[in-house]
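So the sequence shown is numbered by the numbering used here: it starts at -19 and just counts up by one.
Idealized CB from N, CA, C, for every residue including glycine.
Since the model is a prediction, treat every value here as computed from it, not as a measurement.
The next block holds one structure in the form of C-alpha cells; read it before the comments.
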Amino acid sequence: MTKKELARLKELLLKKREDILAEINSIVRENLKSQKEASGDLSGYSYHMADMASDSYERELSLNIATEERKVIYEIDEALKRIKDGKYGVCLSCDKKIPLKRLNALLYAKYCIKCKSKEENTRR
C-alpha cells in the first residue's frame, strides 16, 4: 500500500469516527430528555401506559444503537493505532496483507477474508 493510499484511508477512518461520534452525541442528547420534554407534553398529565412503553422501547433501541456505534469507534481507534505502529493493512492472524479492496469496504478490518471466515466458522 502506498503512502498516499494509507493517508486516504486514515482520513476516511477519522471522518467515519467523527460522524459516528456526532451520531452518538445526538442519540444521547435525545434520550436524556425527560419523557415529557421529548413528547412536548408539559401539561403534567401522565402518559398512557402504551405510550410510555413505546417511548421506553424507542429510547432503549436508540441507546443500544449508540452502544454498537461505540464498538465501531473502538475498532476505528485500534485501526488508527495500527496505522501509527505501521501494522495497518496486515492480518492479525496470518500476517499477510489485507487487500485494499477489503480495507475500502471495511476501513477497520483487522483480518483478511480467509482468516475472518475461519474465525466466524469456529464461533458457530
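* To do: Under 8 Å Cβ to Cβ from arginine 104, same chain only, skipping five residues before and after it: list those, please.
  => For the purposes of this step, residue 104 is taken as residue 124 along the sequence shown, with counting starting at 1. Closer than 8 Å at Cβ, skipping near neighbours: no residue.
* Asked: Should lysine 61 be labelled buried (16 or more other beta-carbon atoms within 10 Å of its own) or exposed?
  -> Mapped onto the sequence shown, residue 61 falls at position 81. Around the beta carbon of lysine 61, fewer than 16 other beta carbons lie within 10 angstroms, which makes this residue exposed.
* Asked: For lysine 64, which of helix, strand or coil comes out of DSSP?
  -> Residue 64 sits at position 84 when you count from the first residue of the sequence shown. DSSP places lysine 64 in helix when its eight states are reduced to three.
* To do: Please report how far the alpha carbon of alanine -13 lies from the alpha carbon of leucine -6, in whole angstroms.
  => Translated into the one-based positions of the sequence shown, residue -13 becomes position 7. Translated into the one-based positions of the sequence shown, residue -6 becomes position 14. Spanning the two alpha carbons is a distance of roughly 11 Å.
* Report, in whole angstroms, the separation of the C-beta atoms of tyrosine 88 and glutamate 99, which I expect to be a contact under 8 Å. => The count along the sequence shown starts at 1 and reaches residue 88 at position 108. The count along the sequence shown starts at 1 and reaches residue 99 at position 119. About 15 Å separates the beta carbons of tyrosine 88 and glutamate 99, which is beyond the 8 Å limit, so they are not a contact pair.
* Determine the burial state of alanine 2: buried for a count of at least 16 other Cβ atoms within 10 Å of its Cβ, exposed for fewer. => Within the sequence shown, the letter at position 22 stands for residue 2. Classification for alanine 2: exposed.
* Asked: Is the beta carbon of isoleucine 63 less than 8 Å from the beta carbon of lysine -4?
  -> Taking the first residue of the sequence shown as 1, we reach residue 63 at position 83. Taking the first residue of the sequence shown as 1, we reach residue -4 at position 16. Going by C-beta atoms, isoleucine 63 is not nearer than 8 Å to lysine -4.
* Buried versus exposed, by CB contacts within 10 Å (16 or more), tyrosine 25 -> In the sequence shown, counting from the first residue as 1, residue 25 sits at position 45. Summary for tyrosine 25: the model assigns pLDDT 48, below 50, so the residue's position carries little reliability; its value from the coordinates is reported in the next sentence. By the 10 Å Cβ count, tyrosine 25 comes out exposed.
* To do: Could you say which of Ile4, Glu58, Leu83 and Tyr54 lies nearest to asparagine 44 if we only look at CA atoms?
  => On the sequence shown, position 64 is the one that residue 44 refers to. If we check each option's Cα against that of asparagine 44, Ile4 comes out closest.
* For isoleucine 7, which residues of its own chain have a beta-carbon under 6 Å away from its beta-carbon, when the five flanking residues on both sides are left out? -> Here residue 7 refers to the residue found at position 27 when the sequence shown is read from its first residue. Result list for isoleucine 7: Ser42 and Ala46, in chain order.
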